[in-house]
């Protein structure tokens, strides 16, 4: 095989060792710009090729309409048999700040993008690399076989095309606006963050991908402090628990399992919030995730280490708390800055043969609601209504939540009727909380509008205040029933179904 290599990269990771390996194998190396300077500093014998990519002229004409010179400095550059190129990290740049047109133009890598595509097109005779992670295996293959196999060349070409598509998709999303994802044609640019131990079940493979242009405070930016063996369920539970807890201004804890909140508590000391949220449904919380909107202190860490919680996600941990948690090797501890939710995001559902895409339901749970009953809520009832409403938003539909002014009492979720949800919540409340403090106001929340039959079932639980979206044919009858029972009824005007 011809031994000519062309190198032009932004990311210099491992490049000196790779180039030295090529040189030892007898490759003539050509490089441009900062890559050439880097190689010369590493004592690699490389010729400088300015401006244009050294690729077959016919290919370059197809890409550049013939407006292409092979070299500006007179260096005779033969067609390469190996091309190493990457593109500017546009995804990372657009995540950090909004760039003006002039700044953006500095990072629009048209030259190397053309090089990668042209080299990939010639995959039968040209090996193309765009990932430093491939350097070692390619060198090993060259040392062992003298050249790369047709199968490996084809695989590397496919990777280069996918890499270019990721870059183009990132740019398209940025230029069109991050909220414009319901266009006639769209591309989702994804980059693998890590492989997961398994998917929903142990026989399913899974990986976590970050979406280019996404906010820098999403789960993709979470820092794993302890316990790196995560599966798909861990990430789904962390997303649910941390997103919900981020809506509280006061200290709060949310415990979640299988993407459903099991218990939530707010307005207490952090360790008390955890105890209350855990005790709200100890059976459901087994092996679940606990999320905190405050730094975890040593007192809370001590309780966590004695519990059956498997994963913790919080805004921070004190030094003493980390010492306590690390003594329990099975615990997973994750740190993530607030807030998790952001406007203009999308929700994706996979179907056979396609995807459903919708705006993410990041509508902030309103602290204001419309009282439609004659009775107005006391301060304690108002707090209970807000807590129950927040939990109902994040529970799988349909959902009925019973709560006091500081903790959820029971969550009936995932049923096909609100009536069954109410019965499930009533059963769980009776089994796990047979005695509530007499002075504690008990409120109920529904993620969907309530029929009269469901409201009657809710009142059988001892509820004195109810919050729901409203907008149902039986609204007037529900208001009349609440007035008859001297209960509070609040309408939010917005439903929050979750599937």
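Numbering (my numbering), first residue to last: 20 to 518.
For glycine and all other residues, C-beta sits at the position ideal for the given N, C-alpha and C.
Here the structure is a predicted model, which means the values were calculated and not measured.
* Asked: Using a beta-carbon distance below 8 Å, is residue 149 in contact with chain D?
  -> Any reference to chain D falls outside this structure, which holds one protein chain only.
* Asked: Does the count of Cβ pairs from the stretch 303-314 and the stretch 322-337 closer than 8 Å reach three?
  -> Yes, the stretch 303-314 touches the stretch 322-337.
* According to DSSP, which residues form a beta bridge with residue 368? -> Checking the DSSP bridge columns, you'll see residue 368 partnered with 375.
* To do: Alpha carbon to alpha carbon, how far is residue 180 from residue 408? Give it in angstroms, no decimals.
  => Between residue 408 and residue 180, the C-alpha separation is close to 47 Å.
* **Backbone secondary structure at residue 153 - three-state DSSP** => It is helical.
* To do: Have a look at 289, 372, 49, 68 and flag the residue whose alpha-carbon is nearest the alpha-carbon of residue 272.
  => Ranking 289, 372, 49, 68 by Cα distance to residue 272 puts 289 first.
* For residue 272, three-class secondary structure by DSSP -> Strand.
* Applying the criterion that 16 or more other CB atoms from any shown protein chain within 10 Å of the CB defines a buried residue, is residue 269 buried or exposed? -> So residue 269 counts as exposed.
* Asked: Is there contact here, the stretch 292-300 with the stretch 238-258, by at least three beta-carbon pairs under 8 Å?
  -> Contact check between the stretch 292-300 and the stretch 238-258: fewer than three CB pairs, one atom from each, fall below 8 Å, which does not count as touching.
* Asked: Pick from 322, 351, 265: whose alpha carbon is nearest that of residue 330?
  -> With distances taken between Cα atoms, residue 330 lies closest to 351.
* Taking the DSSP output, what are the residues bridged to residue 148? -> According to DSSP, residue pairing for residue 148 in a beta bridge involves 103.
* Asked: Taking just the CA atoms, how far does residue 349 sit from residue 430?
  -> Using only the alpha carbons, I get a separation of about 28 Å.
* Asked: Would you call the CB atoms of residue 304 and residue 410 closer than 8 Å?
  -> Their beta carbons are not under 8 Å apart, which means residue 304 does not touch residue 410 by this criterion.
* Might you give, ordered along the chain, the residues of its own chain that have their beta carbon closer than 8 Å to the beta carbon of residue 210, omitting 5 neighbours on each side? => Taken in chain order, the residues that qualify are 110, 185, 228, 229, 231.
* Sorted by chain position, which residues of the same chain lie with C-beta nearer than 8 Å to residue 93's C-beta, five sequence neighbours on each side aside? -> Residue placement at residue 93 is flagged as unreliable, the pLDDT there being 47, under the threshold of 50; a coordinate-derived value is accordingly withheld.
* **Cα-Cα separation, residue 22 to residue 415** => Looking at the two C-alpha atoms, the distance is approximately 60 Å.
* residue 428 in three-state terms, based on DSSP -> If DSSP states are grouped into helix, strand and coil, residue 428 belongs with the strands.
* Asked: Which residue or residues does DSSP assign as beta-bridge partners of residue 390?
  -> Answer is 509, bridged to residue 390.
* Look up residue 480 in the DSSP assignment and say whether it is helix, strand or coil. => If DSSP states are grouped into helix, strand and coil, residue 480 belongs with coil.
* Please look up how many angstroms separate the CB atoms of residue 32 and residue 151, rounded, as I've assumed it's under 8 Å. => Confirmed, about 4 Å.
* With burial defined as no fewer than 16 other Cβ atoms inside 10 Å of the residue's Cβ, what is the status of residue 492: buried or exposed? -> With fewer than 16 other Cβ atoms within 10 Å, it is exposed.
* Grouping DSSP H, G and I as helix and E and B as strand, with all else coil, what is residue 343? -> Three-state DSSP puts residue 343 in a helix.
* Asked: So does residue 256 have its beta carbon nearer than 7 Å to some heavy atom of the ligand MG?
  -> Among the ligands in the structure shown, none appear at all, so the ligand MG cannot be discussed.
* Quick one: Cα of residue 371 to Cα of residue 307, how far? -> Cα to Cα, the separation comes out at about 30 Å.
* Asked: Going by the beta-carbon positions, is the gap between residue 100 and residue 146 smaller than 8 Å?
  -> Taking 8 Å as the Cβ cut-off, residue 100 and residue 146 qualify as a contacting pair.
* **At least three beta-carbon pairs within less than 8 Å, the stretch 395-402 to the stretch 432-443** => The answer is no - the stretch 432-443 does not touch the stretch 395-402, with fewer than three Cβ pairs under 8 Å.
* **Minimum length 4: unbroken alpha helix (DSSP H) runs contained in the stretch 202-245** => Complete alpha helix (DSSP H) runs here, min 4: none at all.
* Asked: Which first and last residues belong to the beta strand (DSSP E) in which residue 312 is found?
  -> Residues 308-315.
* Opening and closing residue of the alpha helix (DSSP H) in which residue 43 lies -> It spans 34-43 - the alpha helix (DSSP H) in which residue 43 sits, taken as one unbroken run.
* **Span of the alpha helix (DSSP H), counted from its first residue to its last, around residue 398** => For residue 398, the enclosing alpha helix (DSSP H) begins and ends at 398-413.
* Asked: With DSSP run on the structure shown, which of helix, strand or coil describes residue 469?
  -> Looking at residue 469 - three-state DSSP - the assignment turns out to be coil, as it is neither helix nor strand.
* Asked: Since residue 185 is in the alpha helix (DSSP H), which residue starts that stretch and which ends it?
  -> Unbroken alpha helix (DSSP H) run through residue 185: 169-195.
* Name the residue from 463, 488, 489 whose alpha carbon lies nearest to the alpha carbon of residue 506. => Checking every option, the nearest Cα to that of residue 506 belongs to 463.
* Same chain, Cβ closer than 7 Å to residue 78, neighbours up to 5 away in sequence not counted -> Low per-residue confidence applies at residue 78: pLDDT is 42, beneath 50, and the placement is therefore not dependable, though the value from the model is reported in the following sentence. Within the same chain, residue 78 has close Cβ partners 137, 140, 141.
* **Whole-angstrom distance between residue 387 and residue 204, CA atom to CA atom** => The alpha-carbon atoms of residue 204 and residue 387 are separated by roughly 39 Å.
* **For residue 492, three-class secondary structure by DSSP** => Residue 492 falls in the coil class under three-state DSSP.
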